[in-house]
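Asks: Have a look at this one.
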Amino acid sequence: EEDLTRVKTLVKDAMTGALEIHSLKSRRAGPAVFLEFHLVVPSAWTVGEAHGLCDRIESLLATAYPAIQISIHVEPEGEARERKFVLTNQ
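With the sequence shown counted from 1, adding 86 to any position gets you the working numbering.
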């Protein structure tokens, strides 16, 4: 629970310009940590802008958790499908 709270804080601090994350899932396997979530960005963003944000989020999380494996699914605003967990950038 403590790690999940820290991950949420790190992602929220790094997701500048994005609208929300949802469908956050995490698990451990030995020393490895696996994290995946959907990142909703403005539909006007380019692929390069979304990719740059994903790189920043991944870098920040990798600094905090060196053994982390991250998978981010980028969705344009208005096309978010699932909403199991939502963290907004507000």
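Built from N, CA and C at the ideal position, the CB exists for glycine as well.
The structure displayed is predicted, hence computed values, not measured ones.
Since I believe S129 is in contact with E163 (beta carbons under 8 Å), could you give me their beta-carbon distance rounded to a whole number of angstroms?
Replies: Within the sequence shown, numbered from 1, the residue matching residue 163 stands at position 77. Within the sequence shown, numbered from 1, the residue matching residue 129 stands at position 43. About 5 Å separates the two Cβ atoms, so the contact holds.
Asks: Just list the alpha helix (DSSP H) runs in the segment 132-166, keeping only unbroken ones of 4 residues or longer that don't cross its boundaries, in chain order.
Replies: Runs found: 133-150.
Asks: With 16 other CB atoms within 10 Å as the buried threshold, where does E161 fall?
Replies: Counting from 1 along the sequence shown, the entry for residue 161 is found at position 75. E161 comes out buried.
Asks: Is the beta carbon of A96 less than 8 Å from the beta carbon of L139?
Replies: The residue given as residue 96 occupies position 10 in the sequence shown. The residue given as residue 139 occupies position 53 in the sequence shown. Looking at the sequence provided, one finds Leu at residue 96 rather than Ala. Not a contact, by the Cβ cut-off of 8 Å.
Asks: What residues match up with K111 in a beta bridge as DSSP calls it?
Replies: The residue labelled residue 111 in the question sits at position 25 within the sequence shown. DSSP lists E122 as partners of K111.
Asks: Quick one: Cα of L125 to Cα of K111, how far?
Replies: As a working note, residue 125 is residue 39 in the sequence shown. As a working note, residue 111 is residue 25 in the sequence shown. Their backbone Cα atoms lie some 13 Å apart in a straight line.
Asks: Roughly how many whole angstroms lie between the Cα atoms of L121 and S157?
Replies: Here residue 121 is taken as the residue at index 35 of the sequence shown, counted from 1. Here residue 157 is taken as the residue at index 71 of the sequence shown, counted from 1. Cα to Cα, the separation comes out at about 6 Å.
Asks: Should V193 go down as buried or exposed, given a rule of 16 or more other Cβ atoms within 10 Å for buried?
Replies: This structure does not reach residue 193, given that the chain is present from 87 up to 176, and the question cannot be answered.
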